[in-house]
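Accompanying notes for the structure given below.
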Amino acid sequence: MSTYTSATDADRKAMLDAIGVGSLEELFDEIPAAVRLDRPLDLPAGMSESEVFDHLSGLAARNRHADSEVTFLGAGMYDHYVPALIDSILSRSEFLTPYTPYQPEISQGGLQVMFEFQTAISELTGLPISNASVYEGPSAVAAAGYLAKQETKRSKLVVSRGLHPHSRETLATHAAGYRMTVEEGGLDAEGATDIEALADLVDDDTAAVFVQQPNFLGTVEELGALGEAAKRTGALFVVAADPLPLGILKAPGELGADICVGEGQTLGNRLDFGGPSFGFFSAAERFIRKMPGRIAGETRDVDGKRGFVLTLQTREQHIRREKATHNICTAQALNALAGVIYLSWLGKRGLVEMGELMARRTHYAREALGLEAINAGPVVREFAVRVPDLDTLFERARAEGVNPGYRLRDTYPEYEDGLLVAITERRTKADIDQLAHLVGAVREGVAA
Amino acid sequence: MSTYTSATDADRKAMLDAIGVGSLEELFDEIPAAVRLDRPLDLPAGMSESEVFDHLSGLAARNRHADSEVTFLGAGMYDHYVPALIDSILSRSEFLTPYTPYQPEISQGGLQVMFEFQTAISELTGLPISNASVYEGPSAVAAAGYLAKQETKRSKLVVSRGLHPHSRETLATHAAGYRMTVEEGGLDAEGATDIEALADLVDDDTAAVFVQQPNFLGTVEELGALGEAAKRTGALFVVAADPLPLGILKAPGELGADICVGEGQTLGNRLDFGGPSFGFFSAAERFIRKMPGRIAGETRDVDGKRGFVLTLQTREQHIRREKATHNICTAQALNALAGVIYLSWLGKRGLVEMGELMARRTHYAREALGLEAINAGPVVREFAVRVPDLDTLFERARAEGVNPGYRLRDTYPEYEDGLLVAITERRTKADIDQLAHLVGAVREGVAA
Amino acid sequence: MIDAKLDPRGDEDTLTIYERSVEGRRAFTPPVEEVPEAPLEDLLPGWARRTEPAVLPEVSEPEIVRHYNGLSKKNFDLDAGFYPLGSCTMKHNPKLHERVAALPGHARLHPLQDPEYAQGALELMYRLQGALGEIAGLPHVSLQPSAGSHGELAGLLLTHAYHEDRGEHRHKVLTPDTAHGTNPATVTMAGYEVVKVGTDEHGGVDIADLRAKATEDVACLMLTNPNTLGLFDRNISEIAEVVHGVGATLYYDGANLNAVMGISRPGDMGFDIVHYNLHKSFTQPHGGGGPGAGPIAVSDRIEPYLPRPQVVRTEAEGNGAGPRYDLDHDRPKSIGKMRGFQGNFGVFVRSYAYICSLGAEGLREASELAVLNANYLRARLAAPDIARYLPIAFDRICMHEFVLSGKGARDQLGIKTLDIAKRMLDHEVHPPTVYFPLLVDEALMIEPTETEPKERLDHFAEVVRSILREAEEDPEIARNAPYTTPVRRLDEAGAAKRPVVRQGMGENPGDPARAQENPASATGAV
Amino acid sequence: MIDAKLDPRGDEDTLTIYERSVEGRRAFTPPVEEVPEAPLEDLLPGWARRTEPAVLPEVSEPEIVRHYNGLSKKNFDLDAGFYPLGSCTMKHNPKLHERVAALPGHARLHPLQDPEYAQGALELMYRLQGALGEIAGLPHVSLQPSAGSHGELAGLLLTHAYHEDRGEHRHKVLTPDTAHGTNPATVTMAGYEVVKVGTDEHGGVDIADLRAKATEDVACLMLTNPNTLGLFDRNISEIAEVVHGVGATLYYDGANLNAVMGISRPGDMGFDIVHYNLHKSFTQPHGGGGPGAGPIAVSDRIEPYLPRPQVVRTEAEGNGAGPRYDLDHDRPKSIGKMRGFQGNFGVFVRSYAYICSLGAEGLREASELAVLNANYLRARLAAPDIARYLPIAFDRICMHEFVLSGKGARDQLGIKTLDIAKRMLDHEVHPPTVYFPLLVDEALMIEPTETEPKERLDHFAEVVRSILREAEEDPEIARNAPYTTPVRRLDEAGAAKRPVVRQGMGENPGDPARAQENPASATGAV
Ligand SMILES: Cc1ncc(COP(=O)(O)O)c(C=O)c1O
Ligand SMILES: Cc1ncc(COP(=O)(O)O)c(C=O)c1O
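Chains as they are written, first to last, in this note's numbering: chain A, 1 to 448; chain B, 1001 to 1448; chain C, 2001 to 2526; chain D, 3001 to 3526.
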């Protein structure tokens, strides 16, 4: 008998009697023989808890994780420290196991968390409305595209090449469903979005223009100018942002963004080989009834006591069905909880300190490596350089337990020898110096 | 400012004003200058959370733990699997952070756990009274000695050499305080307590006789006969038992034990380099007002609702002070909780299955190794053998990531070449075969 | 019971973390800085630099913990009691899964780690793909979608790509009137028009209606089987024939897969595309609204269009070496990506652990017991004193769930399904899904799952009985319920009318004194 | 507020795990057996074999989790709110500590692992020894004792060994009348006779009385400073002189160390032996009654007698190599062992992490703020409308805690300290320690600790005020409190008179039907 179920033989008998059938099989008489599986599933037999643990530990041991090497790999997810209080709170069954809060009277904890989360995200992005989470970063970009379609009824989406390749591809995939086209504007010689090239793509049929802050190469984009170019013909200006550096970067909402979305992993979520984390979605107030996803709102109960509910539900699939603003149902509540705990943990001053620390170390690293910059302009957590002998560097570095970063050629063939280096508070000066030393050694070897 | 405290500068000022002093220092004017420390403590500066984590991870990485080798090391603590639900429940602040339940109305959770724990321990030991935990195994033995002193007013304690060396030494250390002497009876050629030798030591001044089940070599002792010998002159018969094999071994209480104590680590507690775990203490009903430690009892509240309280407190130090039955205050409540969850997890049938599994594998291992047995009689989880070239075996085995067990010569010089091999459900047939293969290889090498 | 005078507990428990903030407090210390202390002005130009800090709470660690622990206590959860939320499969979440998901080799693995150094993760995904494919009876699996509705969207995008690739331009998608809301919402998002198909008197698809609507312009029929009434559609093979007859795809909404694991497979029923809700059938904890994962499985003809990358396995070349796992990006007909990276890997770990624990037999037993529990509870609730108020919508053997109608209670007792649900809160059980499926008047959709013991089902039946009996005496009790919860019925209409969706927006009912401690920031968000 | 008719919640919540047991259910599956399936009869002789299985609960995993989660909700805990339990130092337990203690290198390390393969653990212990020694101002530390009272016993056994080694046979130990109960209990366990020393009008040791009782037969004076009144004994140097003058040792009960870390050191005060409560000053979570740890530190003359083994450090011999840590068992004068293995290592990890986090400055600040918080709360409670009922026992600047007397409330309002404490439960704060120290009539011993924010102290003062004000109107409210807790006042006398200390003992008030499902076992324990 399974250890997750309780039905003993005696239970089964009593229950079958109450139902009025003679056997378990009889319950499945409803299923025509033609579509019944007449053999056991071709899967291994069940295992005891310790055996499953051993099996999965064995698999996990074959991954080189962020504590088993010194990693400069970022490119969308970053090795930040997740404080222990997040584990402690998230592991509570009261947060871990409930469904979406359909019964607000017994879900005030989760609902208030959403309200707090929405507040914090609005603070970061400078946009007054935020939902309670979407799946993750790139699909949040796609969700912004859908809002733009519904809002403008136009059929073209314009993206900067500085937008994460996964976001661009995800948007394109979704755009096929939206029956929209996607056009891409390139980067300039500084690794920033080429404003003129982008402006040239924006026309009367453009529903939205997408840029990323900082962009994929780590460049801090001039959002103000980009926004102006984007909005000339009434397109929406959508900024995809890493929320963590927003502690030191001007809020997208202050620089003209209509919508700011992003990947929330950097806010207290594990790397988890790419998920689950959360996406966030914030927008100007006029979009409040066009937002995707759950939104918690404040209200009062019949006794006048303050409380929270899921609100503006007439936007949603379970009420509006084919007219819904989005099809999302299950989102990323637990990950968003990690996000708001993380932001509370950092606090108002810590967020700035974290941003400053990253910016300082990033600049230090760019100088220490002494390589030709692909983006020489402002950077805060990541930067791209050209490495004459990239493969040799990787070979040597990995043998020493160092992961130098992301090879741009995989997604940006124009930067064949490009290396994207990410910095977090986990990368100490000693780590950076070690990478610099490796770079130096390889260059000498190449020169020799 | 520390992140665990909240007093901002403004708070401090307001609070000092309310107190009516001008500075924090003033509060310490109470302490004479002569005994004030006039320098900072000679300790490193504080660190951020991630730095502390890195530092401790670095230390932890320098330990070879039970998942990083195949270990046959037991000798009092054993590598059993701790099911995940224990972590989940123990990590709840409601169990982790409260004090001893001095206010029963807001401690019913902890108190009921104690009641359930006491019930389960009584079931295992076959003795009707159990307390809610003592520190750990050897000091539980010492606590039994103190009860025996108070009960019999006699001055001698007799121990079997089969009692864990740590228990014997701890008892002797405490006996110095009790103003009692300790005499030791040896083991026979089969590695069991030599009943006659023990009987010879028992006289009219003997307060208690101590044996262990299974004994340190793993031998299952004939408790019935030992108990008879022990109790001839009115001494108490104390059995120190590993609670896990009690699923298949006759309960000490059925075989004449007056007191059964033991180390609880094997019941769902981590190895933790030796602690914290818990000790248990169970006894015949006549000792109910002489027990050490906390005891939870069932009662009712003013509305007639069932509830639990700490009971029989007139035994304890906070009421009885110098007349207390023991000085224990803080015990091991959280570890005992792990114990009762573990026993509920195993359940009535699982406890037997676990015992059978250990016994089967233990016998398999003893045969597979093909070495001369030190204890050829019944064993259930551990056994002792002679290894002609013990040091070579350790050298080779450790190089292969195998820890063959415990070298008896450290505490039993009479078994110079003795190896104590422990088996748990974590040691698979393949592990045992690997050890057997190593033993074979070394013997061939020795022979050659 | 407690009279107001005796209960001094106040409203402190509704303060937000912002309202607990005091300037200067903190829970975070930055690590020691070893690199040169350049001022930010030197590193970032003025146009990029934030001048007013974002307003975040300022709270010490102990008080953050107390705040969120306190909030948690206002949630009812699956580990607290019975949670028969229909269509949601609230089965036990084994604690082992949290442990294995937290292993650093999983939790701390970067998604762009070279496959060479992520062999364990890729093997796990590959094995999970294989197991899911076997369970659905469809060979090709993509783990990428993030939830059920995301899987649905992927499914329709695949359908679109498939038809376009054949030069067919189709515009309609059929959904039964019992469909979950995500189905029609997805249809619109995927660029199709929804055409509703009716339900017959047995609770299945109205075949005549289907035949009428299944035209050459139809791209897909989205179905779940058992459907949202908890009934297995016996005509499934005929339905498949009709749909395939017009060249459309048949899509399986896998939310109800928990009824048929190891018993009947969507692939064998004729479905082309299936999504799984790993957070339902495969027990990823729901987290109060996610995370989940919505992998999809497809038949051969759909395979070329699957999202990229796919996890693939290459057999070893040399001897001794094991197989190698890789991410295959080179899929020219792929629809592209549904999201970043490879999907919700942490969810995969848990669901894979679940499949390992249960094995073939255990999965089948899980479905059997889910169906046993549902039918037993159905039988208990068929007692005349209950069924006269809450008759079952379709009186048949059900699968893993069933739907009652609250029509009788409304008409005879004057209490609505909502009132019954709210009164259940006082009994410390979670109410069923209510007012869905739309087809059933005052619906109560009950899914006990296999992990509930018989006593919980018996208790639930008694709760229902006692609520009805109480309402016979005094319907006001239910109408004004709940009474024992942290808050009572909330003004949802008011919340939607004048939305306050963040701290300080509109009228803030928080303590004004505290509000002043957090003056509005430059962005105006707080 | 809820009237009985509206609250259907029953007594189900008091069922024990035994009462939830149903024969045949299980949460455990044994691993697959690969070795020969010998029947137990072949492996164990009949005299050794159990015939009737021990009665343990039979429950599935989900229901075990629900049971214990449910129980947990009936506990008030430090993460729930203010917990000013005097003498217990209920300071915040940082969550980081649970994480580092759970690292497999710590949690899965066998205590008898060869030191060579346990260098990290030994280094941690060595570093902790060093830090504790520095904090106490005594150079030699043994981490072995399991709790404070165990440390006390170790201290007296050391004293005994020390004197015996010098050929001195002493029989008495002095303890002040303010001493914690463990002190006299320990004295008896260590074979000595207790001699009580009085308290002077400032709350310190009565020096004259001490001088009179400090004879050559005295082995030790056990003291805590600040003492249990929260007062620092200004005469400490004189006291030390008197005690040392007769050749006795001076023992420091470290339960109150949290007042003086980095400010004043027991070693500098003249103490010979100190114990620490790592579960107090060094924030090991209390776990509802343990685990803790009670390391000791001693002066040079006591060092030879310390328990074995000791962790020692050997400097590297070759160059490049680091130091090596070892367990030194070769201590001929050692008193032996206080327990198995090396002590509660898991506790050491947490306390070491704490010391690393705070550092020298942070530890001092912790003590400063503990004293600030105590004095602030003292000042708040000195308001005339409170102090007239609850005057402070000794009106001085206090250290980390202070003691009020409930005499006024009892005499003028007719409510006892116990009533006030019970009424606090309704306010969701933990009451102070009550009726200790014995010296103070109707004592309330209040220790806020440094981790409480000012608002919590203010709130507590308001709670006290409101309870007193309410009692002025109607003392019955407090006398019958609490009202809002899972149970109300319990019959403790009855429990002690007819003790029921396990399931099924004596009269069992559980549901008799359920009790029958668990028939008594052979051992009669259930
Ligand atoms: C029948 C049905 N289909 C689809 C969904 C959507 O799944 P998800 O919430 O994972 O997006 C649900 C979830 O409630 C469902 O019940
Ligand atoms: C003053 C004092 N001494 C000694 C002790 C005993 O410490 P432990 O509970 O760790 O044995 C305590 C604990 O309450 C105490 O407060």
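Note that the Cβ used here is the ideal one computed from N, Cα and C, for glycine as well.
Predicted model, so just to flag it, every value in this text is computed and none were measured.
Under 8 Å by beta carbon: chain A residues contacting residue i
i	result
Tyr1081 (chain B)	Glu49, Ser50 and Phe53
Residue i Cβ short of 7 Å to ligand 2 heavy atom set
i	result
Ala3297 (chain D)	no
His3279 (chain D)	yes
Separation of residue j from residue i, as counted between CA atoms
i	j	result
Arg361 (chain A)	Ile432 (chain A)	9 Å
Lys1429 (chain B)	Asn3344 (chain D)	33 Å
Leu3457 (chain D)	Leu3372 (chain D)	11 Å
Glu1221 (chain B)	Leu1249 (chain B)	10 Å
Met3001 (chain D)	Ala2004 (chain C)	In this prediction, Met3001 (chain D) has a pLDDT of 45, which is less than 50 and means its spatial position is unreliable; what the coordinates show is noted afterwards. If I take the Cα positions, the gap works out to 6 Å.
Met1047 (chain B)	Gly3120 (chain D)	19 Å
Ile3017 (chain D)	Met3505 (chain D)	15 Å
Asn2508 (chain C)	Ala2496 (chain C)	The pLDDT assigned to Asn2508 (chain C) is 44, lower than 50, so where the model puts this residue is not dependable, and the model offers no usable value.
Gly3254 (chain D)	Phe3341 (chain D)	23 Å
Val2526 (chain C)	Gln118 (chain A)	Summary for Val2526 (chain C): the model assigns pLDDT 33, below 50, so the residue's position carries little reliability; its value from the coordinates is reported in the next sentence. Approximately 11 Å, taken between the alpha carbons.
His2140 (chain C)	Val2298 (chain C)	5 Å
heavy atom of ligand 1 below 7 Å from residue i C-beta
i	result
Asp283 (chain A)	The identity of residue 283 (chain A) in the sequence shown is Ala, whereas the question assumes Asp. Flag unset: Cβ of Ala283 (chain A) not near ligand 1.
Asp1017 (chain B)	no
Ser2087 (chain C)	yes
Ser2142 (chain C)	no
Gly2294 (chain C)	yes
Ala2214 (chain C)	no
Gly2148 (chain C)	yes
Asp2253 (chain C)	yes
Chain-ordered chain B contacts of residue i [CB-CB under 8 Å]
i	result
Ser450 (chain A)	In the structure displayed, chain A extends from 1 to 448; residue 450 (chain A) sits before or after that span and is not available.
Members of the segment 2479-2500 of chain C that neighbour chain D once the beta carbon cut-off is set at 7 Å: Tyr2483 and Thr2484
Output, in sequence order along the chain, the residues in the segment 3117-3144 of chain D whose CB is closer than 7 Å to any CB in chain B. Tyr3117, Ala3118, Gln3119, Gly3120, Ala3121, Glu3123, Leu3124, Ala3131, Glu3134 and Ile3135
May I ask you to list, following chain order, the residues of the segment 1293-1308 of chain B that have a beta carbon less than 9 Å from some beta carbon of chain C? If the cut-off is 9 Å between Cβ atoms, the segment 1293-1308 of chain B has nothing near chain C.
Against chain A: residues of the segment 1423-1434 of chain B by CB proximity under 8 Å: Glu1425 and Arg1426
Please list the segments of the alpha helix (DSSP H) lying wholly inside the segment 302-355 of chain A, counting only runs of 4 or more residues, in order along the chain. The qualifying runs are 317-320.
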